[in-house]
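Notes follow the structure.
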RNA sequence: GGGGGUGUGCUUGAGCGGUCAAAAAGGGCAGACUGUAAAUCUGUUGGCUACGCCUACGGUGGUUCGAAUCCAUCCGCCCCCA
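In my numbering, the protein residues as written are 26 to 436.
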């Protein structure tokens, strides 16, 4: 079997590495325990976390042991790295709840049964730290002059934002995590986004000073779409891995709407397809690239939500955009009382009510600008009244713009 | 503790006491064009019981016929000194 390191490299996962050769050998020589920290500020992970997740999955498939940690302790501080503002602090209970959701999602990609892999909350060891001891044992190993040279801190220091002492300690805590995981589980490698490079190295350094052992760091490139947007952000907000927050259909649509220029890269990152296949799909041009996008969308959805959901999403997407009717299952639907429909509802009110417009004024603009459709027929008159006569098979299919649909049924 | 500065809509950022729902850019949304892509062009971008009304320029009070614009005070942030 080929070295996972090569696999990761070929697929574009590796941005920086403390020492390429050593890390590559490490994987070849023995089973490696590695860790990645996840942000616990939300109940669900989103598409942006998929890079580390996929990297972890590749490694686990090659027989190595992942540890996913959520920052129960560190999240309560807020990571200043590359943030223009301080992150909001959240409560321990909230983090606990978020952790449960995150674990569930990770388990679709990773085996975290405390043998093949682990899921830990760093609150477990951080909360019991004693300040004096921490300063004495850990704090003495850090040089402030080095720390403030880090890009993230420097920006905060130079701009007017300021940096609180609390946030400044983030790096120490993250380094301490690494030390702890090394001591307790023999964890020898930390992975993270490239913005974490400095923090990860701080951990490497700390382990070296205290334990005299060499551990390693590896970072992933920070992904943005070709359009310059952050991964996983859309107009409607983040694209979550949680089916409750982002339906498998929406998830599928996110991927199928990928910019042409990103398709090949994304296939390598977000699917397990062999690289030959990835390259073949990546070579498709113009209209043909839709095939590649369909594969990307299907594979990613399958990983996140399972094959049957992926099939459904794919079918829904095809009928919706392939000229056929919509797959009714996939469209958000709301019920409206029959008598209201018989009386008639002003079109503005209807679009607002079902959430296709956030206010009546927005609905008004939408309609006036020709973006409002009922049963695929455009309505531009704001005084249109929608009543039961427009029902088709007992339902109305509302559309705002090109892609946002909503179905209304009688109650 | 002392001194100076700053706080505007989703973001950045203009803003003479009336003509400011607030310039400009970015972002968003919609339309045209398209391949459910990109680029481009056009329109639009606080709310409402809608040619009018309401809410908004950190909070609270005040001056004024009238305040985002002036004053006081409080809060947050930044810089310098201690």
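Glycine included, each C-beta is placed from N, C-alpha and C at the ideal position.
For this session: Have a look at the DSSP bridge pairing and note the partners of residue 42.
Result: Taking the first residue of the first chain as 1, we reach residue 42 at position 17. Paired residue(s): 243.
Exercise. What residue from 94, 28, 294 and 390 has the CA that sits closest to residue 148's CA?
Worked result: The residue labelled residue 148 in the question sits at position 123 within the first chain. The shortest Cα separation from residue 148 among 94, 28, 294 and 390 belongs to 94.
Problem set entry | Per-residue burial, residue 192 [other beta carbons within 10 Å of its own, 16 or more giving buried] | Against the first chain, residue 192 aligns to sequence position 167. Classification of residue 192: buried, given that the 10 Å Cβ count is 16 or more.
For this session: Starting from the C-beta of residue 136, find all residues in its chain whose C-beta is less than 7 Å away, skip the five residues before and the five after it, and write them out in chain order.
Result: Position 111 of the first chain, counted from the start, is the residue given in the question as residue 136. Taking C-beta separations shorter than 7 Å and ignoring five residues to either side along the sequence, the partners of residue 136 in its chain run 85 and 142, following chain order.
Problem set entry | Simplified DSSP state of residue 400, which is helix, strand or coil | Counting from one through the first chain, the residue named residue 400 turns up at place 375. DSSP places residue 400 in coil when its eight states are reduced to three.
Exercise. Can you tell which of 312, 273, 59 and 293 has its C-alpha closest to the C-alpha of residue 496?
Worked result: The structure shown does not extend to residue 496, since the chain is modelled only from 26 through 436, so no value can be given for it.
For this session: Would you kindly check if the distance between the Cβ of residue 276 and the Cβ of residue 340 is under 8 Å?
Result: Working through the first chain from its first residue, we reach residue 340 at position 315. Working through the first chain from its first residue, we reach residue 276 at position 251. Taking 8 Å as the Cβ cut-off, residue 340 and residue 276 do not qualify as a contacting pair.
Exercise. Does the stretch 53-67 touch the stretch 310-322, meaning 3 or more C-beta pairs lie closer than 8 Å?
Worked result: These segments do not touch.
For this session: Please name the residue in 419, 121, 167 and 323 whose C-alpha comes closest to that of residue 296.
Result: Within the first chain, the letter at position 271 stands for residue 296. The candidate whose alpha carbon is nearest that of residue 296 is 323.
Exercise. In angstroms, rounded to a whole number, what distance separates the CA positions of residue 237 and residue 47?
Worked result: For the purposes of this step, residue 237 is taken as residue 212 along the first chain, with counting starting at 1. For the purposes of this step, residue 47 is taken as residue 22 along the first chain, with counting starting at 1. Cα to Cα, the separation comes out at about 17 Å.
Exercise. From residue 202 to residue 145, what does the alpha carbon distance come to, in whole angstroms?
Worked result: Residue numbering aside, residue 202 sits at position 177 when the first chain is read from its first letter. Residue numbering aside, residue 145 sits at position 120 when the first chain is read from its first letter. Answer to the nearest angstrom: the Cα atoms are 11 Å apart.
Exercise. Mind pulling the alpha helix (DSSP H) runs of 4 or more residues that sit fully within the stretch 263-347?
Worked result: If we require 4 residues or more, the alpha helix (DSSP H) runs fully inside the stretch 263-347 come out as 273-281, 288-295, 300-308, 314-330 and 332-346.
Exercise. Roughly how many angstroms lie between the CA atoms of residue 368 and residue 414, to the nearest whole one?
Worked result: Along the first chain, read from residue 1 onward, the residue named residue 368 stands at position 343. Along the first chain, read from residue 1 onward, the residue named residue 414 stands at position 389. So the alpha carbons of these two residues sit roughly 10 Å apart.
Exercise. Rounded to a whole number of angstroms, what is the C-alpha to C-alpha distance between residue 321 and residue 375?
Worked result: Looking up residue 321 in the first chain gives position 296. Looking up residue 375 in the first chain gives position 350. Rounded to the nearest angstrom, the two C-alpha atoms are 36 Å apart.
Exercise. Can you give, in chain order, each stretch of the alpha helix (DSSP H) that sits fully within the stretch 184-233 and has at least 4 residues?
Worked result: The qualifying runs are 190-193 and 195-210.
Exercise. The alpha helix (DSSP H) spanning residue 29 covers which residue range?
Worked result: The sequence position of residue 29 within the first chain is 4, counting from 1. For residue 29, the enclosing alpha helix (DSSP H) has its first and last residue at 29-35.
Exercise. Alpha carbon to alpha carbon, how far is residue 285 from residue 249?
Worked result: On the first chain, position 260 is the one that residue 285 refers to. On the first chain, position 224 is the one that residue 249 refers to. Their Cα atoms are separated by approximately 14 Å.
Problem set entry | Rounded C-alpha distance that separates residue 171 from residue 273 | Position 146 of the first chain, counting from 1, holds the residue named residue 171. Position 248 of the first chain, counting from 1, holds the residue named residue 273. If I take the Cα positions, the gap works out to 45 Å.
For this session: Using three-state DSSP, classify residue 255 as helix, strand or coil.
Result: As a position in the first chain, residue 255 is number 230, starting the count at 1. Of the three classes helix, strand and coil, the one that applies to residue 255 here is strand, per DSSP.
Exercise. Under three-state DSSP, which class holds residue 144?
Worked result: Locating residue 144 in the first chain gives position 119, where the first residue counts as 1. Residue 144 falls in the strand class under three-state DSSP.
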